[in-house]
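What follows is a set of notes on a single structure, which appears directly below.
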Amino acid sequence: MPKVERAIIMAAGLGNRMHPVTLKTPKPLVKVNGKRMIDTVIEGLHKNGISEIYIVVGYLKEQFAPLVTEYPGVRLIENPYFDTCNNIASLYVARDHIENAIILDGDQIIYNPDILAPEFERSGYNSVWTDEETDEWLQTVKDGIVISCSRTGGKGGW
-6 MPKVERAIIM
4 AAGLGNRMHP
14 VTLKTPKPLV
24 KVNGKRMIDT
34 VIEGLHKNGI
44 SEIYIVVGYL
54 KEQFAPLVTE
64 YPGVRLIENP
74 YFDTCNNIAS
84 LYVARDHIEN
94 AIILDGDQII
104 YNPDILAPEF
114 ERSGYNSVWT
124 DEETDEWLQT
134 VKDGIVISCS
144 RTGGKGGW
């Protein structure tokens, strides 16, 4: 079974939906219950033995610099296209590190680090079922396979 050797954390975005909070702080560095969101991701990775961590930064990138000294194995990769392109540009600048990598968003809150276990059978996408209306991405899954993905939200999906 393949094993995750490294992680790529996507953290370059503008965080427009969280304005005004993100006008001076990148979304992954926003504190929730006293802890930065990205800390929960990095700590969850470390608890699972994944210590080679690349954080793709762009918007207010200098604010991520302390993470390199706060956490062993963390390196920053700059996405110079963050304000004109989407996450595909972040993957492009991190392309040399994609093999055997888990790719995560930096604005997640990891309550249970077991979801970041380094063994996997195939690639996938972490998500949570919702019956509630949401404006977030919403996936429709049939027989364990994503058959559609809505960027405009909805309800009753992953």
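In the working numbering, the protein residues as written are -6 to 151. Cβ coordinates follow ideal geometry from the N, Cα and C atoms, glycine included.
Assuming residue i contacts residue j (C-beta within less than 8 Å), just tell me the rounded distance between them.
{"i": "Ile48", "j": "Val67", "result": "6 Å"}
{"i": "Ile43", "j": "Gly99", "result": "15 Å between Cβ atoms; not a contact."}
{"i": "Leu109", "j": "Asn41", "result": "5 Å"}
{"i": "Ile102", "j": "Val25", "result": "6 Å"}
{"i": "Asp128", "j": "Gly149", "result": "With a Cβ gap of about 14 Å, Asp128 and Gly149 do not count as contacting."}
{"i": "Asn72", "j": "Ala0", "result": "In fact, because the Cβ distance is near 16 Å, the residues do not count as touching under 8 Å."}
Where does residue i land, buried or exposed, given buried means 16+ other C-beta within 10 angstroms?
{"i": "Tyr52", "result": "buried"}
{"i": "His90", "result": "buried"}
{"i": "Val14", "result": "exposed"}
{"i": "Ser83", "result": "buried"}
{"i": "Lys(-4)", "result": "exposed"}
{"i": "Val121", "result": "exposed"}
{"i": "Lys54", "result": "buried"}
{"i": "Ala219", "result": "This structure cannot speak to residue 219, because the chain is shown only from -6 to 151."}
{"i": "Arg29", "result": "buried"}
Across which residues does DSSP place residue i in a beta bridge pair?
{"i": "Gly147", "result": "Thr127"}
{"i": "Ile3", "result": "A small correction: the amino acid at residue 3 is Met; Ile does not occupy that position in the sequence shown. DSSP, once it has assigned bridges, lists Val49 and Asp98 as partnering Met3."}
{"i": "Val25", "result": "Lys28"}
{"i": "Val139", "result": "Val134"}
{"i": "Lys160", "result": "Any answer about residue 160 is impossible in this case: the structure gives the chain only from -6 up to 151."}
{"i": "Lys(-4)", "result": "Glu112"}
Could you name the residues of the same chain whose beta carbon sits closer than 6 Å to that of residue i, not counting the 5 residues immediately before and after it, in chain order?
{"i": "Met11", "result": "Lys20"}
{"i": "Val139", "result": "Gln132"}
{"i": "Leu7", "result": "Tyr52"}
{"i": "Glu126", "result": "Lys148"}
{"i": "Glu(-2)", "result": "Asn93"}
{"i": "Gly37", "result": "Ile103, Pro106 and Leu109"}
Among residues of its own chain, excluding the 5 on either side of residue i, which ones have a beta-carbon nearer than 8 Å to its beta-carbon?
{"i": "Ile35", "result": "Ile2, Ile46, Leu60, Tyr64 and Val67"}
{"i": "Ala58", "result": "Leu69"}
{"i": "Gly146", "result": "Glu126, Thr127, Asp128, Glu129, Trp130 and Leu131"}
Leaving aside the five residues before and after residue i along the sequence, list all residues of the same chain whose C-beta is less than 7 Å from its C-beta, in chain order.
{"i": "Lys17", "result": "none"}
What runs of the alpha helix (DSSP H), each 4 residues or longer, lie entirely inside the region 60 to 133?
80 to 86
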